[in-house]
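Chains as they are written, first to last, in our numbering: chain W, 1 to 327; chain F, 1001 to 1241. C-beta atoms are modelled at their ideal positions from N, C-alpha and C, and glycine is treated no differently. Predicted, not measured: the structure shown is a model, and the values here were computed from it. Inspection log for the structure reproduced underneath, given as structure tokens.
Take a look at the structure:
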């Protein structure tokens, strides 16, 4: 498939936003349970504002995936109508819910709103309730994003349970890495917690992403040239695709990159998404140097851009069988 | 239930591309707006087409066979492109099974084209919506066209009648009989999309001549001629001459 930059930025940016929000929520819940030191409201308000910026950045990138950006105003609302059958429609519902709840989460902390909702007599019940709802929305959005790709059975590289798992783990890993850097400046008591989880999630992401790479390198194609045109012969060659100039069929489904390029991108994302952040996070935790966490996040985010590009480029669509040769 | 479809006879198709050009002509002039050609005389021409004729070579020289293979939307009975559409712009008509796109609802997200294993959908780079073969829905029901001409443009234009059009759910229709009696098959059956369009395979017409047909074995007396010998007697004819 041809990698679309709108989708690459959309999925990586909202992944960071969702992951950061989940990190904030875990600190909030553990803080209330007195497992971790409780943080002032400003920590959560600023943190969720950063998450909101990433989510809105993703939404902005998504606008450019539409045929025309103006469809965002005139037609995109229809995209919420087919949630019964379409994972894309479900994502178009989950994304605004996530953005809205993140905004409410931020507002609750910014204005210091609270209420004794459950009669526990402790502070922070309203923020906790909003936090739970936002965390559920974040996980739901990860599932929707991953399932958009996993549900297309024709793209055998994507049609696999590892796809949504990878979207979840890589998103949360980048979010927790960002949270570690944020905590290094704003809440030093949480650095160890966020940093350790960032390492765990990055390692888990490395395992599942490597498993996906391993699986995708050994796919047995369901469709062949024989089933494509229905002629039973071991040697079937295309002589003409019916046009010389190319069409949507040759632009959308082929990445057009060389094998060297593909391999370079694969190794680049493996190093930048996993190796460099793991090293930086470990060094940052060991040396207590907060700036290393920023380096870890930047490397991981750039790595995820490569990862997403490779995710698209590696997928091989069965329609390509009909477009083997110009003539 | 009616399921309109095309049956394409690969045994007859000569690869002339008449169906491609007539499809483009009819649909670019239709009520849905033009199908653009970008840079038609430029360096890198491209455009939107609903139908293409491809060519394949089967076998290895000298035992090869050329197959011309027209390819358009197959109007699958279990169309995978329809349920993935987030806006409901893509739909399959209940009354005749034609898969269509509502160009006024489409947001151009291209998700439906990912969900079609045949690559039947094309994104119009000028109108910024997804387009596809309509089975000439604006022609086959048009009362102002003579009844025998109410067929898709590609079917009308085919000089060798390689394209048949009809209801594949009616067991007695021309297309159903052709599928049943001439070995009609579907493309990529492994995906379970149940394409409504069928293809008829290449058929070789062979003469079987046995040796006993060349050397007569059923005439032991070698009596090939049943005519009687002519008489040497003088006849009335001789006398008259």
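- Taken in chain order, the whole alpha helix (DSSP H) runs of length 4 or more contained in the region 1173–1202 of chain F are 1174–1181.
- Residues of the region 1104–1115 of chain F whose Cβ lies closer than 9 Å to any Cβ of chain W, in chain order: 1104, 1105, 1106, 1107, 1108, 1109, 1110, 1111, 1113, 1114 and 1115.
- Uninterrupted alpha helix (DSSP H) stretches at least 4 residues long and entirely within the region 110–168 of chain W occur at 125–150, given in chain order.
- Within the same chain, Cβ atoms closer than 6 Å to the Cβ of residue 1133/F are found at 1050, 1072 and 1073, the five residues on either side in sequence being excluded.
- Secondary structure at residue 1101/F: strand, using DSSP grouped into helix, strand and coil.
- A straight-line Cα-Cα distance of about 46 Å links residue 75/W and residue 1202/F.
- Collapsing the DSSP output to three states places residue 1221/F in coil.
- Sorting 1037/F, 1044/F and 1056/F by C-alpha distance to the C-alpha of residue 1015/F places 1056/F at the top.
- Between residue 126/W and residue 277/W, the alpha-carbon positions lie close to 35 Å from each other.
- When secondary structure is reduced to three states using DSSP, residue 1050/F falls in the coil class, being assigned neither helix nor strand.
- Contact between residue 13/W and residue 79/W does not hold, since the beta-carbon distance rounds to 19 Å and is not under 8 Å.
- Sequence-distant partners of residue 123/W (beyond 5 residues in either direction) whose C-beta falls short of 7 Å from its own C-beta, in its chain, are 114.
- Chain order gives the chain F residues near residue 67/W as 1106, 1107, 1108, 1109, 1110, 1123, 1124, 1127, 1128, 1129 and 1130, where near means a beta carbon separation below 9 Å.
- Residues of chain W with a Cβ closer than 7 Å to the Cβ of residue 1179/F do not exist; the shortest Cβ-Cβ separation is about 13 Å.
- For residue 1022/F, the three-state secondary structure derived from DSSP is helix.
- Using a Cβ-Cβ cut-off of 7 Å, residue 239/W is close to 1055, 1056 and 1057 of chain F, given in chain order.
- Taking 3 residues as the minimum length, the beta strand (DSSP E) runs contained wholly in the region 1126–1170 of chain F are 1129–1131 and 1163–1167, in order along the chain.
- Residue 262/W: member of the alpha helix (DSSP H) spanning 259–270, first to last residue.
- Interface annotation, residue 253/W: in contact with chain F, CB-CB separation under 8 Å.
- Beta-bridge annotation (DSSP): residue 238/W is paired with 1056/F.
- Looking at the backbone, the Cα of residue 1023/F and that of residue 1067/F are separated by about 21 Å.
- Neighbours of residue 227/W in chain F, taken as residues at a C-beta separation under 8 Å, are given in chain order as 1187, 1188, 1189 and 1190.
- Setting aside the 5 residues that flank it on each side, residue 154/W is surrounded in the same chain by 318, each with a C-beta closer than 6 Å to its C-beta; the list follows chain order.
- In the DSSP annotation of this structure, residue 1078/F is not part of any beta strand (DSSP E), being labelled neither H nor E.
- The Cβ-Cβ distance between residue 1175/F and residue 1007/F falls below 8 Å.
- At least one C-beta of chain W is nearer than 8 Å to the C-beta of residue 1067/F.
- Note on geometry: alpha-carbon atoms of residue 210/W and residue 15/W lie some 19 Å from one another.
- Each residue's CA atom was taken as its position, placing residue 1063/F and residue 151/W some 42 Å apart.
- One alpha carbon belongs to residue 258/W, the other to residue 313/W, and they sit about 11 Å apart.
- Below the 8 Å Cβ cutoff, chain F contributes 1086, 1087, 1088, 1089, 1105 and 1107 as neighbours of residue 78/W, in chain order.
- For residue 248/W, the chain F residues whose Cβ falls inside 7 Å of its Cβ are 1122 and 1123, in order along the chain.
- What residue 319/W touches in chain F, judged by beta-carbon distance under 9 Å, is 1113, 1116, 1117, 1118, 1119 and 1120, going in chain order.
- Annotation for residue 1107/F: no beta strand (DSSP E) segment contains it, and DSSP assigns it neither H nor E.
- Rounded to the nearest angstrom, the gap between the Cα atoms of residue 1101/F and residue 1032/F is 10 Å.
- For residue 143/W, not one C-beta of chain F is nearer than 8 Å to its own C-beta.
- Residues of chain W whose Cβ lies closer than 8 Å to the Cβ of residue 1060/F are, in chain order, 235.
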